[in-house]
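S.K.: Structure in structure tokens, see below.
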Amino acid sequence: MKGSDWGWGIAAGVVVGMGGLALRGVGVGWPLEGLFAQITHWMGVPIVFNLMHKLLGYGDVGKNLAFAATALAWLFLHSFLFATLRRWFWPGAALTALFYGFFGGWVLQAPLAGLWATLLYGGIIAFLAWRRNLVLSPAPSPSIPPSQSRRESLKTLGLLALGLVLWQQVQAQASVLWQKITGLSRELFGQKDLYYVSKNIALLDPKLKGKPYKLEVSGLVHTSLALSLDDLKALPSVELVNTLTCISNPIGGDLIGSVLWKGTPLKAVLNKAGIKSDAKFIVWEAADRYLESIPIAEVPREAIIAYAVRDPETGRFEDLTEQHGYPTRILLPGRYGMKQPRWLTKITLSSTEVPGYWAQRGWSRTAHIRTMSRIDTPQHRARLKAGEDTFIAGIAYAGGRTLERVEVSSDGGKSWQKAQLKPSISPYAWQLWALPWKPAAGSYTLVVRAVEAGGQIQDATLRDPLPDGATGYHRIQVRVD
Numbered sequence: 130m131k132g133s134d135w136g137w138g139i140a141a142g143v144v145v146g147m148g149g150l151a152l153r154g155v156g157v158g159w160p161l162e163g164l165f166a167q168i169t170h171w172m173g174v175p176i177v178f179n180l181m182h183k184l185l186g187y188g189d190v191g192k193n194l195a196f197a198a199t200a201l202a203w204l205f206l207h208s209f210l211f212a213t214l215r216r217w218f219w220p221g222a223a224l225t226a227l228f229y230g231f232f233g234g235w236v237l238q239a240p241l242a243g244l245w246a247t248l249l250y251g252g253i254i255a256f257l258a259w260r261r262n263l264v265l266s267p268a269p270s271p272s273i274p275p276s277q278s279r280r281e282s283l284k285t286l287g288l289l290a291l292g293l294v295l296w297q298q299v300q301a302q303a304s305v306l307w308q309k310i311t312g313l314s315r316e317l318f319g320q321k322d323l324y325y326v327s328k329n330i331a332l333l334d335p336k337l338k339g340k341p342y343k344l345e346v347s348g349l350v351h352t353s354l355a356l357s358l359d360d361l362k363a364l365p366s367v368e369l370v371n372t373l374t375c376i377s378n379p380i381g382g383d384l385i386g387s388v389l390w391k392g393t394p395l396k397a398v399l400n401k402a403g404i405k406s407d408a409k410f411i412v413w414e415a416a417d418r419y420l421e422s423i424p425i426a427e428v429p430r431e432a433i434i435a436y437a438v439r440d441p442e443t444g445r446f447e448d449l450t451e452q453h454g455y456p457t458r459i460l461l462p463g464r465y466g467m468k469q470p471r472w473l474t475k476i477t478l479s480s481t482e483v484p485g486y487w488a489q490r491g492w493s494r495t496a497h498i499r500t501m502s503r504i505d506t507p508q509h510r511a512r513l514k515a516g517e518d519t520f521i522a523g524i525a526y527a528g529g530r531t532l533e534r535v536e537v538s539s540d541g542g543k544s545w546q547k548a549q550l551k552p553s554i555s556p557y558a559w560q561l562w563a564l565p566w567k568p569a570a571g572s573y574t575l576v577v578r579a580v581e582a583g584g585q586i587q588d589a590t591l592r593d594p595l596p597d598g599a600t601g602y603h604r605i606q607v608r609v610d
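Listed below in structure tokens is the structure:
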């Protein structure tokens, strides 16, 4: 491939990349977005996903690097397409149409947008290739001096920087898009929005504010502990985004919320006490005599003794409210709320299992969260206007297991469409999803289901919440006039 092909191809890639971003909002598919979506889909398989998180953490670094790599691949592919078009025009045109149609439409599940992308961007690069052949000089090309080579390298670096800027713009646009969907849950709740369920009537819930507090750690430990709230806050702290959900939550219910918590790693407290070799279970006790237990081997490494929650409106952490467990509660990501007592007063290391408060009553002993999805908008029995652009949108969660996609049906489950799934901000955060919809007049049964990585589809069997958590698809009826 000649140096001129690289230059013209990169120029074409920049033109289509920038133009695509500008035209994305008017219904023309943006192939660069589709290419990035496909690359991140491949990266979303568990083995790669976990490796990326181990190496780069759970922030935006991995996504930004992925976009930079996508921008590089985009420019390389355009140089290849340009060289093919210049040498073998019609095969090159077919390959170019396939490229733009696939990444501009099929991957994004927008056939019409893909058609426009194919016609517009395919026409642009084909014209550039034809024009390049028209003005091609038969004279031999002079050798490229070192200074020009350095300039080309600087141009490449500049294009990478441009790619990162474009990615930031895409993120900003996506944020606006999600925020504009009326009725869609926020990514993070504060305490005032988090559901409240208790075995007690409110009057009998523990009221521990202003009273002496000690968290006892005893049993099969080398050193028994009695930790005040200040003692716990003096230990190393961590922040954890965790979706808390009640095992009693019905299909489509609101006994669920994603929250940013702050607290002391459970491991730090247990290490401070020193676990004896014959300890097999951890038993939790609460101020209202609530009891739960879990095998030590099953305690997630992210488990914390939480004492604060971030308020999304102020951005500041605040102590737990009395409703949500002041002064402390245990958090075990991936389990239903019944395994995570509030008003925690005692941790006992034991050689035998102690059945929990609800397990004694026939509820689940393990309380692993089942994969769920919910339609937030439109509401059940809503009346919509025919021909108006709207969204079907909601939340999905798999208890820390990776979600591959969310699918939506508008015909009661006979056919399914892939919704846009917003990247998770944490392995234990719920995810937002949305599907643009422009319905014709009629009655519709909307259904949603989540699919885990590896193709494991959410359990469709209708089961009541108890004893192990509800299963089945959330479905609603809407009327379009």
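In terms of our numbering, the sequence shown has 235 at position 106, counting the first letter as 1, and numbering is strictly consecutive.
The beta-carbon is built from N, C-alpha and C at its ideal position, and this holds for glycine as well.
1) Taking contact to mean at least 3 C-beta pairs separated by less than 8 Å, is the region 340-356 in contact with the region 391-411?
2) From glutamate 368 to leucine 473, what distance separates their C-alpha atoms?
3) What are the residues that DSSP puts in a beta bridge with lysine 547?
4) By DSSP, does threonine 457 sit in helix, in strand, or in coil?
5) I believe serine 553 touches leucine 575 by the beta-carbon criterion, under 8 Å. Please report the beta-carbon distance rounded to the nearest angstrom.
6) Starting from proline 556, trace the beta strand (DSSP E) both ways and give me its first and last residue.
7) Does DSSP classify glycine 392 as helix, strand or coil?
8) Whose C-beta lies closer than 6 Å to the C-beta of glycine 381 among residues of the same chain, with five residues either side of it excluded?
9) Give every residue of the same chain whose Cβ lies closer than 8 Å to the Cβ of serine 479, excluding the five residues on either side of it in the sequence, and list them in chain order.
10) From glycine 598 to alanine 197, what does the alpha carbon distance come to, in whole angstroms?
11) Could you spell out where the alpha helix (DSSP H) holding phenylalanine 446 opens and where it closes?
12) Quick one: is threonine 83 buried, meaning 16 or more other Cβ sit within 10 Å of its Cβ, or exposed?
13) Return the first residue and the last residue of the alpha helix (DSSP H) that proline 220 is part of.
14) Is threonine 474 helix, strand or coil by DSSP?
15) Provide the residue span of the alpha helix (DSSP H) that contains aspartate 359, from first to last.
16) Which residue from Tyr436, Leu356, Asp440 and Arg494 puts its Cα closest to that of leucine 399?
17) Just tell me which of Val537, Leu248 and Thr457 has its CA closest to the CA of glycine 149.
18) Could you give the first and the last residue of the continuous beta strand (DSSP E) run that contains proline 429?
19) List the residues that DSSP assigns as beta-bridge partners of proline 565.
20) Using the three-state DSSP reduction, which class does asparagine 179 fall into: helix, strand or coil?
21) Okay, do the region 491-500 and the region 541-552 touch, 3+ Cβ pairs below 8 Å being the bar?
22) Can you grab the Cα-Cα spacing for the pair alanine 563 / alanine 397, in whole Å?
23) May I ask you to report which of helix, strand or coil DSSP gives valine 412?
24) Can you tell me whether proline 596 is helix, strand or coil according to DSSP?
25) What is the DSSP secondary structure of tyrosine 187, reduced to helix, strand or coil?
26) Could you tell me which of Val326, Tyr325 and Asp360 sits nearest to proline 341, measuring between CA atoms?
27) Once you ignore the five residues that flank tryptophan 296 on each side, which residues in its own chain have a CB closer than 6 Å to its CB?
28) Just the Cα atoms here: how many angstroms apart are glycine 146 and leucine 224?
29) Go ahead and label aspartate 505 buried or exposed: buried means 16 or more other beta carbons lie within 10 angstroms of its beta carbon, across all protein chains shown.
30) In chain order, what residues of the same chain lie with their CB nearer than 7 Å to the CB of proline 594, ignoring the 5 residues before and after it?
31) Could you say which of Leu323, Phe218, Arg490 and Gln469 lies nearest to isoleucine 254 if we only look at CA atoms?
32) Mapping the DSSP letters down to three states, classify arginine 604 as helix, strand or coil.
33) Please report the residue range of the beta strand (DSSP E) in which valine 580 lies.
34) Enumerate in chain order the residues of its own chain whose CB-to-CB distance from tryptophan 203 is below 7 Å, with the five nearest sequence positions on each side excluded.
35) From what residue to what residue does the beta strand (DSSP E) around methionine 501 run?
M.R.: A quick look at the data gives this:
1) yes
2) If you number the sequence shown from 1, residue 368 lands on position 239. If you number the sequence shown from 1, residue 473 lands on position 344. Answer to the nearest angstrom: the Cα atoms are 19 Å apart.
3) Stepping through the sequence shown from its first residue, residue 547 is reached at position 418. Lysine 547 is bridged to Glu536.
4) The count along the sequence shown starts at 1 and reaches residue 457 at position 328. Coil at threonine 457, not helix or strand.
5) Translated into the one-based positions of the sequence shown, residue 553 becomes position 424. Translated into the one-based positions of the sequence shown, residue 575 becomes position 446. With 8 Å as the limit, serine 553 and leucine 575 do not qualify as a contact, their Cβ atoms being about 23 Å apart.
6) Taking the first residue of the sequence shown as 1, we reach residue 556 at position 427. Per DSSP, proline 556 belongs to no beta strand (DSSP E) and is neither H nor E.
7) Locating residue 392 in the sequence shown gives position 263, where the first residue counts as 1. Three-state DSSP puts glycine 392 in a strand.
8) Position 252 of the sequence shown, counting from 1, holds the residue named residue 381. Answer for glycine 381: Arg503 and His603, listed in chain order.
9) As a position in the sequence shown, residue 479 is number 350, starting the count at 1. The answer, listed in chain order, is Gly348, Leu349, Ala408, Lys409, Phe410, Ile411, Val412 and Ser422.
10) In the sequence shown, counting from the first residue as 1, residue 598 sits at position 469. In the sequence shown, counting from the first residue as 1, residue 197 sits at position 68. Distance between the alpha carbons of glycine 598 and alanine 197: 42 Å.
11) Residue 446 sits at position 317 when you count from the first residue of the sequence shown. Run containing phenylalanine 446: none in the alpha helix (DSSP H); it sits in the beta strand (DSSP E), 446-448.
12) The structure shown does not extend to residue 83, since the chain is modelled only from 130 through 610, so no value can be given for it.
13) If you number the sequence shown from 1, residue 220 lands on position 91. First-last of the alpha helix (DSSP H) with proline 220: 218-230.
14) Taking the first residue of the sequence shown as 1, we reach residue 474 at position 345. Three-state DSSP puts threonine 474 in a strand.
15) Counting from one through the sequence shown, the residue named residue 359 turns up at place 230. First-last of the alpha helix (DSSP H) with aspartate 359: 358-363.
16) Translated into positions along the sequence shown, residue 399 becomes position 270. Comparing Cα positions, the closest option is Leu356.
17) The count along the sequence shown starts at 1 and reaches residue 149 at position 20. That would be Leu248, whose Cα lies nearest to the Cα of glycine 149.
18) Here the question's residue 429 lines up with position 300 in the sequence shown. Neither: proline 429 is in no beta strand (DSSP E) and is coded neither H nor E.
19) In the sequence shown, residue 565 corresponds to position 436, counting from 1. According to DSSP, which records beta bridges pairwise, proline 565 is partnered with Phe520.
20) In the sequence shown, residue 179 corresponds to position 50, counting from 1. Caution is warranted here: a pLDDT of 42 is assigned to asparagine 179, below 50, making its placement in the model unreliable, and the coordinate value is therefore given only provisionally. It is helical.
21) no
22) What you label residue 563 is simply residue 434 of the sequence shown in a count that begins at 1. What you label residue 397 is simply residue 268 of the sequence shown in a count that begins at 1. Taking the straight line joining both Cα atoms gives about 40 Å.
23) For the purposes of this step, residue 412 is identified with residue 283 of the sequence shown, where counting begins at 1. Reduced to three states, the DSSP call for valine 412 is strand.
24) Working through the sequence shown from its first residue, we reach residue 596 at position 467. Three-state DSSP puts proline 596 in coil, outside helix and strand.
25) Taking the sequence shown and counting its residues from 1, one reaches residue 187 at position 58. Unreliable placement is indicated for tyrosine 187, whose pLDDT of 38 sits below 50; the coordinate value is still reported in the next sentence. Coil.
26) As a working note, residue 341 is residue 212 in the sequence shown. Closest option to proline 341, Cα to Cα, is Asp360.
27) Locating residue 296 in the sequence shown gives position 167, where the first residue counts as 1. Residue placement at tryptophan 296 cannot be trusted, given a pLDDT of 47 that sits under 50; what the coordinates show is reported in the next sentence. Phe196, listed in sequence order.
28) Taking the first residue of the sequence shown as position 1, residue 146 is located at position 17. Taking the first residue of the sequence shown as position 1, residue 224 is located at position 95. Approximately 18 Å between the Cα atoms of the pair.
29) Position 376 of the sequence shown, counted from the first residue, corresponds to residue 505. So aspartate 505 counts as buried.
30) Working through the sequence shown from its first residue, we reach residue 594 at position 465. Cβ within range, chain order: Ile376, Ser377, Asn378 and Pro379.
31) One-based indexing of the sequence shown puts residue 254 at position 125. Ranking Leu323, Phe218, Arg490 and Gln469 by Cα distance to isoleucine 254 puts Phe218 first.
32) In the sequence shown, residue 604 corresponds to position 475, counting from 1. Correct three-state label for arginine 604: strand.
33) For the purposes of this step, residue 580 is taken as the residue at position 451 of the sequence shown. It spans 571-581 - the beta strand (DSSP E) in which valine 580 sits, taken as one unbroken run.
34) For the purposes of this step, residue 203 is taken as residue 74 along the sequence shown, with counting starting at 1. Answer for tryptophan 203: Gly142, Gly146, Leu161 and Leu164, listed in chain order.
35) Counted from its first residue, the sequence shown places residue 501 at position 372. Note, methionine 501: beta strand (DSSP E), 501-506.
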